[in-house]
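Peer 1: If you read the protein sequences in the order shown, they are chains A and B. Residues in the first sequence are numbered consecutively from 3, following the numbering used here. Residues in the second sequence are numbered consecutively from 3, following the numbering used here. For glycine and all other residues, C-beta sits at the position ideal for the given N, C-alpha and C. No experiment lies behind these values; they were computed from the predicted model shown.
Protein chains: 2
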Amino acid sequence: MKKKDMHAYTYAYEKIRDQILSGEIEPHIKLTEEMLAEKFGISRTPIRSAIAKLEQEGMIRNKRIFIPTANDIRHIFQVRILIEGYAANYCSKFISEDALNRLKKCVEVGFDGTLEEVMEANHEFHQIIIQETRNPLMISIIDKMQSIIYLFRKTVVGQKRPHLIDEHANIYKAIENHDDQLAQQLMVEHLEKDLEFSLSRINN
Amino acid sequence: MKKKDMHAYTYAYEKIRDQILSGEIEPHIKLTEEMLAEKFGISRTPIRSAIAKLEQEGMIRNKRIFIPTANDIRHIFQVRILIEGYAANYCSKFISEDALNRLKKCVEVGFDGTLEEVMEANHEFHQIIIQETRNPLMISIIDKMQSIIYLFRKTVVGQKRPHLIDEHANIYKAIENHDDQLAQQLMVEHLEKDLEFSLSRINN
DNA sequence: TTAAAAAATATTGTACACAATATTTTTTAA
DNA sequence: TTAAAAAATATTGTGTACAATATTTTTTAA
Numbered sequence: 003m004k005k006k007d008m009h010a011y012t013y014a015y016e017k018i019r020d021q022i023l024s025g026e027i028e029p030h031i032k033l034t035e036e037m038l039a040e041k042f043g044i045s046r047t048p049i050r051s052a053i054a055k056l057e058q059e060g061m062i063r064n065k066r067i068f069i070p071t072a073n074d075i076r077h078i079f080q081v082r083i084l085i086e087g088y089a090a091n092y093c094s095k096f097i098s099e100d101a102l103n104r105l106k107k108c109v110e111v112g113f114d115g116t117l118e119e120v121m122e123a124n125h126e127f128h129q130i131i132i133q134e135t136r137n138p139l140m141i142s143i144i145d146k147m148q149s150i151i152y153l154f155r156k157t158v159v160g161q162k163r164p165h166l167i168d169e170h171a172n173i174y175k176a177i178e179n180h181d182d183q184l185a186q187q188l189m190v191e192h193l194e195k196d197l198e199f200s201l202s203r204i205n206n
Numbered sequence: 003m004k005k006k007d008m009h010a011y012t013y014a015y016e017k018i019r020d021q022i023l024s025g026e027i028e029p030h031i032k033l034t035e036e037m038l039a040e041k042f043g044i045s046r047t048p049i050r051s052a053i054a055k056l057e058q059e060g061m062i063r064n065k066r067i068f069i070p071t072a073n074d075i076r077h078i079f080q081v082r083i084l085i086e087g088y089a090a091n092y093c094s095k096f097i098s099e100d101a102l103n104r105l106k107k108c109v110e111v112g113f114d115g116t117l118e119e120v121m122e123a124n125h126e127f128h129q130i131i132i133q134e135t136r137n138p139l140m141i142s143i144i145d146k147m148q149s150i151i152y153l154f155r156k157t158v159v160g161q162k163r164p165h166l167i168d169e170h171a172n173i174y175k176a177i178e179n180h181d182d183q184l185a186q187q188l189m190v191e192h193l194e195k196d197l198e199f200s201l202s203r204i205n206n
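This is how it looks when you write it as C-alpha cells:
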C-alpha cells in the first residue's frame with residue numbers, strides 16, 4: 003500500500019523491485035513504462051525514474067529483468083570475493099561486540115531455523131561483515147550485487163548448498179579469534195564454492 | 003554542439019558532467035533543473051534524467067557538486083586500493099602485449115610530456131591496468147570513483163605529487179617481469195601515498 | 001529583538017499530450 | 001517463397017502545465 007507521504011517514484015521503485023524479487027514479474031517480459039504505470043495506477047513519469055534507478059543498480063537491463071550469464075556471475079563473484087574477503091579480514095581486527103553476537107546468532111539460526119529463517123540469516127551473516135567495514139561505498143557495492151545474486155538464485159538455483167552453514171561457523175570462529183588471515187581465507191573459499199555451485203546450476 | 007542523433011538527456015548528461023569537471027559549473031551552487039534547462043536550451047525532463055544519473059554515480063549530491071570529506075576520500079581509496087591492487091596483480095599474469103606497450107608509453111610520456119599530456123597519461127596508466135581485468139563491474143566501479151577523485155583533485159589539490167611517475171615506472175617493471183606480488187604491493191603503496199597526499203591538502 | 005506562524009517564492013514531482021524512435025507487421029518486387 | 005521496402009503499431013523521449021513540497025521571506029505576538 004502506498005504511504006501517503008511517499009513519492010510515487012519511490013513507491014514505484016520499491017514495488018517493481020519487490021515484484022521482480024518475488025517473481026511476481028516474470029523474467030523475459032519487457033518492462034514497458036505504460037504497462038507498469040497502468041499496473042500501479044500512476045503515470046509514466048515516476049515509473050521512468052524507478053526503472054532508471056533499477057537499471058543503474060543492475061537489476062534491469064534493456065527494459066528486462068537482468069539474467070546474468072555465467073561470465074556475469076564470475077565477474078560479480080570476482081568483486082565479491084575481493085571485497086568480502088577483505089571485509090572478513092577487517093572484521094577480525096575491528097568487529098564490535100554487538101556485531102559479533104549478531105554474527106553468532108546467524109550461525110545458530112543456520113543450524114536450527116526454518117528454511118525461511120536460514121535463508122534470511124545467511125544473508126544477514128554476510129551483511130554484518132560488510133557493514134562492519136563502515137565503508138558506505140563497499141556496503142553499497144555489495145548491496146547491489148546481492149540483489150542480482152539473490153534474483154539469480156531464486157530463478158536458477160532455488161536450492162541450498164551443502165556445508166554452507168559449517169563454513170559460516172568456521173568464518174565466525176576465525177573472526178572471534180581475531181585470526182584475520184584465516185577469516186579472509188575461509189571467506190574467499192566459501193565464496194568460491196558458492197560461485198562453483200551457482201555455475202553448476204547454469205550449465206545443465 | 004549537440005549531435006543531431008543524440009538524445010537530449012545524453013547531451014545534458016555529458017554537458018553537465020564536463021562543465022562540472024572543467025570547473026565551469028562551480029561547486030556549492032545549487033543545480034536546479036530550470037537553471038540547467040535554460041542553460042542548455044532544453045526542457046527540464048532530460049535534465050532530470052541527467053542529474054539522476056550523475057547523482058547515482060556520486061558526482062552530485064543533494065543537487066550540489068559532491069565535495070568529499072576526508073573520510074569520503076578514505077573510503078574511496080580503501081576500495082581503490084583493494085581493486086587496483088588486485089588488478090595490478092592480475093595484470094602481471096595476464097596482460098596482453100598491446101596493453102603492456104601502452105602502459106610503457108604512459109610511463110614515457112610521464113617523463114617527457116607536457117603537463118597536460120602527463121595528467122592524461124597518468125590517468126590512462128591506471129585505466130589500462132583496470133581494463134585488463136576485463137571485468138566490466140570492476141571497471142565501472144573504478145570509473146565512477148575516478149570522476150570524483152579527479153574532481154576533488156582539481157578543486158582541492160591542483161598540483162602534482164612528487165615521485166608519482168617513478169612509482170608508475172616501478173609498477174610497470176613489476177608487471178613486465180610478471181612479478182604479481184610486487185606489482186600489487188607497489189600499486190597499494192602508490193595509492194596509499196596518493197591518499198596521504200590528497201588528505202594533506204584538505205587539512206590546511 | 002526574537003521565535004513561531006504565515007505568506008510568498010522557488011523548486012521539484014506528476015500527468016499528459018505530442019514528437020521522435022524503435023519494433024513489428026504487411027506489402028511489394030524479384 | 002524470400003528479402004527489401006513501406007506501413008502500421010508500440011514505445012520511449014520531450015515539452016509543458018499544474019500540483020505538491022521545500023525553502024525563503026515576511027509578519028506577528030511575546
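Measuring only the C-alpha atoms, how far is V190(B) from I83(B)?
Peer 2: So the alpha carbons of these two residues sit roughly 6 Å apart.
Peer 1: Would you identify the three-state DSSP class for I78(B), choosing helix, strand or coil?
Peer 2: Correct three-state label for I78(B): helix.
Peer 1: Just checking: is the beta-carbon of Q80(B) within a distance shorter than 8 Å of some beta-carbon in chain A?
Peer 2: For Q80(B), the answer is yes, since a Cβ of chain A falls inside 8 Å of its Cβ.
Peer 1: Which residues of chain A have a Cβ atom closer than 7 Å to the Cβ of P48(B), listed in chain order?
Peer 2: None at all; the shortest Cβ gap to chain A is about 11 Å.
Peer 1: I'd like to check one pair, S51(B) with A54(A): are the Cβ atoms closer than 8 Å?
Peer 2: Contact: yes.
Peer 1: Which residues does DSSP pair with I62(B) in a beta bridge?
Peer 2: I67(B).
Peer 1: Look up L33(A) in the DSSP assignment and say whether it is helix, strand or coil.
Peer 2: Three-state DSSP puts L33(A) in coil, outside helix and strand.
Peer 1: Helix, strand or coil: how does DSSP classify K41(B) here?
Peer 2: Looking at K41(B) - three-state DSSP - the assignment turns out to be helix.
Peer 1: Taking all protein chains shown into account, decide if R19(B) is buried (16 or more other Cβ within 10 angstroms of its Cβ) or exposed.
Peer 2: With 16 or more Cβ atoms within 10 Å of its Cβ, R19(B) is classed as buried.
Peer 1: If Y92(B) sits next to T135(B), beta carbons under 8 Å apart, how far is it from one beta carbon to the other, in whole angstroms?
Peer 2: That pair is a contact at about 5 Å.
Peer 1: List the endpoints of the continuous alpha helix (DSSP H) containing D100(B).
Peer 2: Taken as a continuous stretch (DSSP letters only), the alpha helix (DSSP H) holding D100(B) covers 99–114.
Peer 1: For I207(B) versus I27(B), is the C-beta distance shorter than 8 Å?
Peer 2: Missing from the structure shown is residue 207(B); chain B here goes from 3 to 206 and no further.
Peer 1: In or out: P138(B) buried (at least 16 other Cβ within 10 Å) or exposed?
Peer 2: It is exposed - the Cβ of P138(B) has fewer than 16 other Cβ atoms within 10 Å.
Peer 1: Kindly indicate which residue of L56(A), S24(A), N124(A), H30(A) has the alpha-carbon position closest to the one of A14(A).
Peer 2: Among L56(A), S24(A), N124(A), H30(A), the Cα nearest to that of A14(A) belongs to L56(A).
Peer 1: Using the beta-carbon of each residue, which ones in chain B are nearer than 8 Å to N137(A)?
Peer 2: The answer, in chain order, is H77, Q80, V81.
Peer 1: From this set, Y11(B), E59(B), R63(B), which residue's C-alpha is nearest F42(B)'s C-alpha?
Peer 2: Residue Y11(B) is the option with its Cα nearest to F42(B).
Peer 1: If M140(A) sits next to V81(B), beta carbons under 8 Å apart, how far is it from one beta carbon to the other, in whole angstroms?
Peer 2: Confirmed, Cβ separation roughly 6 Å.
Peer 1: Given that I143(B) touches chain A, what residues does it touch there, using C-beta distances under 8 Å?
Peer 2: In chain order: V81, I143.
Peer 1: For the candidate residues A171(B), E122(B), Q183(B), R46(B), whose alpha-carbon lies nearest to that of L102(B)?
Peer 2: Of A171(B), E122(B), Q183(B), R46(B), the residue nearest in Cα terms is A171(B).
Peer 1: Taking 8 Å as the CB-CB cut-off, is A52(B) touching chain A?
Peer 2: It does not; no Cβ of chain A falls within 8 Å.
Peer 1: For I177(A), does the three-state DSSP call read helix, strand or coil?
Peer 2: Here I177(A) sits in helix by DSSP.
Peer 1: Please name the residue in D7(A), N64(A), G60(A) whose C-alpha comes closest to that of E35(A).
Peer 2: Ranking the options by Cα distance to E35(A), first place goes to N64(A).
Peer 1: DSSP three-state label for H128(A), please.
Peer 2: Note: H128(A) maps to helix in three-state DSSP.
Peer 1: Indicate the three-state DSSP secondary structure (helix, strand or coil) for G25(B) in the structure shown.
Peer 2: Residue state, collapsed to three classes: coil.
Peer 1: In angstroms, rounded to a whole number, what distance separates the CA positions of E204(A) and M61(A)?
Peer 2: The residue asked about is misnamed: residue 204(A) is Ile in this sequence, not Glu. Going by the C-alpha atoms only, they are around 19 Å apart.
Peer 1: Using a Cβ-Cβ distance under 8 Å, would L193(B) count as near chain A?
Peer 2: So, not an interface residue.
Peer 1: Along the chain, where does the alpha helix (DSSP H) that runs through P164(B) open and close?
Peer 2: Taken as a continuous stretch (DSSP letters only), P164(B) belongs to no alpha helix (DSSP H), as it is neither H nor E.
Peer 1: Which residues in chain B have a C-beta closer than 8 Å to the C-beta of Y88(A)? List them in chain order.
Peer 2: The contacting residues are L84.
Peer 1: Going by the beta-carbon positions, is the gap between K95(B) and D182(B) smaller than 8 Å?
Peer 2: Contact flag set, yes.
Peer 1: Hey, is Q58(A)'s beta-carbon within less than 8 Å of any beta-carbon in chain B?
Peer 2: Yes, Q58(A) counts as interfacial toward chain B.
Peer 1: The alpha helix (DSSP H) spanning M189(B) covers which residue range?
Peer 2: Per DSSP, M189(B) belongs to the alpha helix (DSSP H) from 182–204.
Peer 1: How many angstroms separate the CA atom of I78(A) from the CA atom of L201(A)?
Peer 2: Approximately 12 Å between the Cα atoms of the pair.
Peer 1: Pull up the distance between the alpha-carbon of I177(B) and that of A123(B), whole angstroms please.
Peer 2: Using only the alpha carbons, I get a separation of about 17 Å.
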